[in-house]
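Trainee: Residue numbers (this note's numbering): -6 to 270.
This is the structure I want to talk about, given as structure tokens.
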Amino acid sequence: MNEDNMTCAEADGILLEYFERALDGPSRQRFEQHASSCARCSGLIRDVNDITAQAAALPVMAPSRDLWQGIEARIQPAVVSIGAARPAGGLSRVWMAAAASLLIVATASVTYFATSRSIAARVADSRPAVSRSAPEAGVGTAAAEPGVAYAELDENNLVDETGAAVPAAARSGAGARAGTTTLASGSAQPLVTAADMEYGDEIQRLQLVLAARRQQLDPSTVQVVEDNLKLIETAVAQARAALRADPASGFLAGKLSDVLEKKVELLRTVALLPSRS
């Protein structure tokens, strides 16, 4: 048998390379020699060439207008400030409704740019262990952490809930102050302190990781993260304000813990997002 005679099976194996012009000279010559004497293979080549020519002749189509603005308006609910509209005596109920709305917006945005379920699994596996043997360190971290925006993720550039810079000395003494508050304010403060101890250290570590990775992420992703961190920080500030007005409310203390947990979930997810190409 002449080894130059190609079979249809062999031709099928190099068909893609033929159309991509990736075959070397001898292989291409053998393929074309086979196709010239094979009705099946020559017909296949002819059909593919016809489809390619027809596709190239199609007009370029584009939307008549930018559709994203209309879509964005439907999926992005407005954020309403609740400070000016808070009725007297209704602090707990109003805060609960506002916090729920803020968390819904934050969760929806994270879902938008999370790449796959595998990222969520890696986030769960990589959750750092929480130390419960050093309450002062945990409380101190959480006390300095509220109000930190994504653009200010620097341990030397932390701000408090009002936006004022928190000096290093104040951050180092936050644990002692929190302990004093616990003794003076009754049963609600230990719940707040427990939430800070549980999430404070991890939030600070993740913020430093994100600060280091900021330039590696897509700018649109960074903007989404910044917007949602602001929303969550608003909810954290509202929770702390509500607890100051109603320190005996275990319900509000639990809601503060829920908000801090949402913040950790957001930071973990974004920390594992792939870098922009």
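Beta carbons are placed, not taken as given, at the ideal position from N, Cα and C, and that holds for glycine.
Of the choices L201, A241, P267 and Q231, whose alpha-carbon is the least far from that of V257?
Mentor: The residue with the shortest Cα to Cα distance from V257 is L201.
Trainee: What residues in its chain sit with their C-beta under 8 Å from that of C31, if we drop five residues either side in the sequence?
Mentor: Closer than 8 Å at the Cβ level, and outside the excluded window around C31, lie C1 and A4.
Trainee: What's the C-alpha gap between L265 and G36?
Mentor: L265 and G36: Cα-Cα distance of roughly 50 Å.
Trainee: Quick test of your reading: I7 and S20, contact by CB under 8 Å. State the CB separation rounded to the nearest angstrom.
Mentor: Confirmed, about 6 Å.
Trainee: Is DSSP giving I7 helix, strand or coil here?
Mentor: If DSSP states are grouped into helix, strand and coil, I7 belongs with coil.
Trainee: Rounded to the nearest angstrom, how far is the Cβ of L224 from that of L260, given a contact under 8 Å?
Mentor: Not quite, the Cβ-Cβ distance comes to about 14 Å (not below 8 Å), so this is no contact.
Trainee: Within the segment 194 to 239, note down every full beta strand (DSSP E) run reaching 3 residues or more, in order along the chain.
Mentor: Counting only runs of 3 or more, we get nothing.
Trainee: Pick from M(-1), I64, L199 and V215: whose alpha carbon is nearest that of S29?
Mentor: It is M(-1).
Trainee: Tell me, to the nearest whole angstrom, how far the beta carbon of R252 is from that of V229; I am working on the premise that it is less than 8 Å.
Mentor: Residue identity check: residue 252 is Val in the sequence provided, not Arg. Contact holds; Cβ gap of about 5 Å.
Trainee: From the DSSP output, in three-state form, read off D189 for me.
Mentor: DSSP places D189 in helix when its eight states are reduced to three.
Trainee: Can you name the start and end residues of the alpha helix (DSSP H) that S20 belongs to?
Mentor: It spans G18 to S30 - the alpha helix (DSSP H) in which S20 sits, taken as one unbroken run.
Trainee: Pull up the CB-CB distance for F12 and V53, whole angstroms please, since I reckon it's below 8 Å.
Mentor: That belief does not hold up - the Cβ atoms of F12 and V53 are roughly 23 Å apart, past 8 Å.
Trainee: Excluding the 5 residues flanking P160 on each side, which residues of the same chain have their C-beta closer than 8 Å to its C-beta?
Mentor: The pLDDT assigned to P160 is 42, lower than 50, so where the model puts this residue is not dependable, and the model offers no usable value.
Trainee: Compare the beta carbon distance of R269 and Q231 with 8 Å and say whether it is the shorter of the two.
Mentor: Not closer than 8 Å, so no.
Trainee: On the criterion of 16 or more Cβ atoms from any shown chain inside 10 Å, does F244 qualify as buried, or is it exposed?
Mentor: Exposed, because fewer than 16 other Cβ atoms sit within 10 Å of the Cβ of F244.
Trainee: Let's see if you can read the secondary structure: which residues bound the alpha helix (DSSP H) around V257?
Mentor: Note, V257: alpha helix (DSSP H), G243 to A264.
Trainee: What is the DSSP secondary structure of L37, counted as helix, strand or coil?
Mentor: Three-state result, L37: helix.
Trainee: Return helix, strand or coil for D59, following the three-state DSSP convention.
Mentor: Reduced to three states, the DSSP call for D59 is coil.
Trainee: Is T45 helix, strand or coil by DSSP?
Mentor: Helix.
Trainee: May I have the straight-line CA-CA distance separating F24 from A55, to the nearest angstrom?
Mentor: Distance between the alpha carbons of F24 and A55 is about 39 Å.
Trainee: Confirm, please, whether the CB-CB distance from A205 to L249 is below 8 Å.
Mentor: No, the pair does not count as a contact, with Cβ atoms beyond the cut-off.
Trainee: Report the rounded CA-to-CA distance for I196 versus L236, giving the unit in angstroms.
Mentor: Going from the Cα of I196 to the Cα of L236 covers about 21 Å.
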